[in-house]
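**Student:** Read in order, the letters of the sequence shown correspond to residues 11 to 673 in our numbering.
Backbone N, C-alpha and C fix where the C-beta goes; we use that ideal spot for every residue, glycine too.
Here you go, one structure.
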Amino acid sequence: MRCNRLLLASSIALALLGCSQSDIQPSKDSVFDLTIAHINDTHSSFDPVRSSFYINNQRVYNEFGGHPRILTKANEYRAEAEKQNNSMLFLHGGDAWQGSAYFKINEGAMNADILSRMGIDAMALGNHEFDLNNKKLNEFLNQINFPVLAANIDASMDNDLKDQTNLKPYVIYAFDGFNKQRIDDVKQLPKDKPLVAVFGIALDDMPNIAPNTGDLQFFDMVTSAQATVNELQSLGVNNIIAVTHVGNAVDLDIASKVDGIDLIVGGHSHTLLGDFTNLGLSNNGIYAQLVTNPNGASKTCVVQAGEFAQAIGKTKVSFDAQGELVSCAGQNTLLSNDEFYHQANRQTESAFSDSEKSKAIRFIERQRNIAIAAEQAQLRKHIDSHYKPAVEQAYGEVIANVPQEIRHARRPGDNNSDQHGSRVAPIVALGQYYWAASDEVAQVTGMKVDFALTGAGGIRTNISEGEYREGDVTLEMLPFANFMSVVPVKGSVIKALISKTVTDTLPPSAHAGKFPYGGNLRYVFDETVAHQKGQLSQIEVNTGSLEQPVWTPLQDDQTYNVAMNSYNATGNDGWTPLFDAQKTETGRVDLAYVNGKLTAFPVSHIEEVDGRYQVRYQSQPLNCKAEHVLCNTDARAVVKYIAEQQPILQALDYPVVTLNRIK
């Protein structure tokens, strides 16, 4: 498969114009209606996610989603469409991989199995689809019964993917009411049926985000999107959908710079678009936001459906005879079970009474954005019989008891959090500091560690009330098996890093995975221009002990030894000040266990090669694929800290981050 860059004929500089659903009204000129069901960033969440919402200020503990529940709702949408003889597609916005013990044990095979049972019509190529290697990705592509799409890549030089026919720039569907046919030969496009093209857009900086991209080439998103639209229109296809994995902010930007995309079905930023304040949750931005294209006339509708298979989106779009968007409307729906509790432990004694449950169900029935959905029985049984026993066995020993749920939010304000954000990330960062500052590690590195930093995106779960096992950390919360690094850097670099990454995440639609949290470090950031700019007003390192902290201002000219996972230490995900600081030389040391012994791998410097940040070692490189090499020191550090210091695991009693927003 080859996709080439094409230059746009002119520069595009029109500002993004966000509109509500009502800006384009249904019209008598509509000649073709299409329903889109969509999910994204499901991350191997085959089981429901323990969660909560509010009914009249009372917190209700429940479960959301899971693939069997998603399938139930998707089948319901399909049945409605078939009954009315309406056209429908079911799309996935990418990042099916990673995120749970199911993936750690089964790699891509379980996703291929489960997703192929769900009737998906196409999926975007997400960054986590590169978490293994291209050989494994190729196996996944061979096993699934739907195409994966990316129009801005060239796989012709990659040995594993160059002959892969299920990785495509786009697919075209011909509709006859509910019935549809995928047209693989563009020379055989029917003239008497509505045609819909779905094309994919992947991150053009993928090599900096996903280091296992092999010899794939990635091209500019906007240029490739416009070129693909032009090609499709030249074929006579004017109803055009982009399925993307680039984040909501980038989706809106693409919509403002490309003519001819009718709908963007997105992923990557985990954005549950819509107002969920009726459930005591957040307002995450407009669902089905309309953005004016550069031509000033046509518009693009933008949607995204959250994370971890908790919700499904449903959009109805209507087109006129020229393929122009006539209307676009819809919503995300959180899919709940029907068992409700007063306490996060979900013990029998905290279960809702029959009358309380009836009231809760009636409340849910009155809402547009939450629904009770049963799990599809056959899929649930298949998961439980084929995959669950091995997962249960893999979790290992209990390392702590959690008296009260500890919640994670990537960015302060997300997921109904306060100005201090995640309560999980500070535990992770402090745990990694505790381990890196231990005698075991200091004897290997020869360095006294001052503090740790962690990016919010690497943390994948809350900490649930009850028994907490080793596998809850290594398989669920920190599943990426990153090794720890200790990096000597100036205080000025740390200030630049935090200022940049926090500023980058101020816009509501921004990808917030890069947001930084500290361990043995705390800071205050004040927003000065709403959702755009701000500044660090305080940053301090603890120069005392964990039990008796002494908070001391970080000094620009002082060198600090900072512990962090290797992904962030290399400058990935927008942590570029660290890359800049290590381009010529570094005293960094990477840490992994070799034959059970903690081993240091001194780093010489970092290079950028073909868009990738490459670590160059002084001598023997660290090879995590080698036999007897254990690289998940990021997770093992946290396990050690919890087991030794927090057997009764609770949130820290002081804030690590304070983000003061303009009211």
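#1: Excluding five sequence neighbours on each side, which residues of the same chain lie with their C-beta closer than 7 Å to the C-beta of I115?
#2: So, with DSSP's three-state summary, where would you put W561?
#3: What do you reckon, are the CB atoms on V232 and K267 nearer than 8 Å?
#4: Alpha carbon to alpha carbon, how far is E375 from A381?
#5: Which residues share a DSSP beta bridge with A462?
#6: Which partner residues of H48 appear in the DSSP bridge assignment?
#7: Can you tell me whether M167 is buried or exposed? The criterion is at least 16 other CB atoms within 10 Å of its CB, across all chains shown.
#8: Classify Y444: buried if its beta carbon has 16 or more other beta carbons within 10 angstroms, exposed otherwise.
#9: Does the region 586–596 come within contact of the region 525–537, defined as at least 3 CB pairs closer than 8 Å?
#10: Using a Cβ-Cβ cutoff of less than 7 Å, which residues in the same chain neighbour S519 once the five nearest sequence positions on both sides are dropped?
#11: Quick one: give me the first and last residue of the beta strand (DSSP E) that D186 is part of.
#12: So, does the CB of P221 fall closer than 8 Å to a CB anywhere in chain D?
#13: For I49, which option in T609, A111, M128, N67 has the closest C-alpha, if you only look at C-alpha atoms?
#14: Name the residue from K524, N240, V247, G501 whose alpha carbon lies nearest to the alpha carbon of K510.
#15: Between the region 92–103 and the region 349–361, do at least 3 Cβ pairs fall closer than 8 Å?
#16: H615: which of G606, G621, Y627, R622 sits nearest, CA to CA?
#17: DSSP on A653, reduced to helix/strand/coil?
#18: Can you round the beta-carbon distance between N411 and R417 to whole angstroms, since I take them to be within the 8 Å contact cut?
#19: In three-state terms, what does DSSP make of I380?
#20: Which residues in the same chain as P36 place their Cβ atom closer than 8 Å to its Cβ, once the five residues preceding and following it in sequence are excluded?
#21: From what residue to what residue does the alpha helix (DSSP H) around E90 run?
#22: Can you check which of these residues, G323, Y183, E415, G554, is closest to Y87 by C-alpha distance?
#23: Which whole-angstrom value describes the C-beta separation of A315 and K326, a residue pair presumed to lie in contact below a C-beta threshold of 8 Å?
#24: How big is the Cα-Cα spacing for F318 and N342?
#25: Measuring alpha carbon to alpha carbon, tell me which of T464, Q227, E477, I658 ends up nearest V572.
#26: Around the Cβ of S110, are there at least 16 other Cβ atoms within 10 angstroms (buried) or fewer (exposed)?
#27: Within its chain, find whatever has a CB closer than 8 Å to the CB of A119; leave out the 5 residues flanking it on each side and keep chain order.
#28: Who are the near neighbours of A661 in its chain, counting only those whose CB is closer than 6 Å to its CB and skipping five residues on each side?
#29: Does E477 come out as helix, strand or coil in the three-state DSSP assignment?
#30: Exposed or buried, which one is A540 when buried takes at least 16 other CB atoms within 10 Å?
#31: Could you pull the DSSP bridge partners for F611 from this structure?
#32: So, with DSSP's three-state summary, where would you put G456?
#33: Output needed for S32: all residues of its chain with C-beta closer than 8 Å, excluding positions within five of it in sequence on either side, in chain order.
#34: Using a Cβ-Cβ cut-off of 8 Å (strictly less than) and excluding sequence neighbours within five positions of E550, which residues of its own chain qualify?
#35: Short check: CB of S629 to CB of D600, under 8 Å?
#36: For N72, name the three-state secondary structure that DSSP assigns.
**Tutor:** Quick answer:
#1: Counting only Cβ-Cβ distances below 7 Å, and skipping sequence neighbours, we find A400, V401, A404.
#2: Three-state result, W561: strand.
#3: Yes. Within cutoff.
#4: If you draw a straight line from the Cα of E375 to the Cα of A381, it comes to about 7 Å.
#5: BP columns for A462 point to G529, A573.
#6: For H48, which the question treats as bridged, DSSP gives the partners L101, G323.
#7: When all chains shown are included, M167 counts as exposed.
#8: It is buried - the Cβ of Y444 has at least 16 other Cβ atoms within 10 Å.
#9: Contact between the region 586–596 and the region 525–537 is absent, because fewer than three Cβ pairs lie under 8 Å.
#10: Closer than 7 Å at the Cβ level, and outside the excluded window around S519, lie N258, A259, L262, S279, T281, G295.
#11: Per DSSP, D186 belongs to the beta strand (DSSP E) from 180–186.
#12: Protein chains in the displayed structure number just one, and chain D is not present.
#13: The candidate whose alpha carbon is nearest that of I49 is M128.
#14: It is K524.
#15: Three or more Cβ pairs closer than 8 Å define a contact, and the region 92–103 falls short of that threshold against the region 349–361.
#16: H615 has its Cα closest to that of Y627, out of G606, G621, Y627, R622.
#17: A653 falls in the helix class under three-state DSSP.
#18: Their Cβ separation, rounded to whole angstroms, is 17 Å, which puts N411 and R417 out of contact at 8 Å.
#19: Reduced to three states, the DSSP call for I380 is strand.
#20: Because P36 carries a pLDDT of 41, less than 50, the predicted location of this residue cannot be relied on, and the following value inherits that uncertainty. Excluding positions up to five away in sequence, the list reads S328, V336, S337.
#21: Looking at the DSSP string, the run of the alpha helix (DSSP H) that includes E90 is 77–93.
#22: Residue G323 is the option with its Cα nearest to Y87.
#23: Going by Cβ atoms, the distance from A315 to K326 rounds to 15 Å, so no, they are not a contact pair.
#24: Near 14 Å, if we compare the C-alpha coordinates of N342 and F318.
#25: The residue with the shortest Cα to Cα distance from V572 is T464.
#26: The residue in question, S110, is buried, as its Cβ has 16 or more Cβ neighbours within 10 Å.
#27: Hits under 8 Å: E149, F150, Q153.
#28: Cβ contact annotation for A661 (same chain, cutoff 6 Å, sequence separation greater than five): I416, R433, in chain order.
#29: In the structure shown, E477 sits in a strand (DSSP, three-state: E or B).
#30: Counting C-beta atoms within 10 angstroms of its own C-beta, A540 has fewer than 16 neighbours from the protein chains shown and is therefore classed as exposed.
#31: Secondary-structure assignment with DSSP links F611 through a beta bridge to D600.
#32: Under the three-state reduction of DSSP output, G456 falls in the coil class, being neither helix nor strand.
#33: For S32, the pLDDT reaches just 35, beneath the cut-off of 50, and the residue's location in the model is therefore unreliable, leaving the point undetermined.
#34: Result list for E550: L531, R532, Y533, W561, T562, P563, L564, in chain order.
#35: S629 is not a Cβ neighbour of D600, given a cutoff of 8 Å.
#36: Looking at N72 - three-state DSSP - the assignment turns out to be strand.
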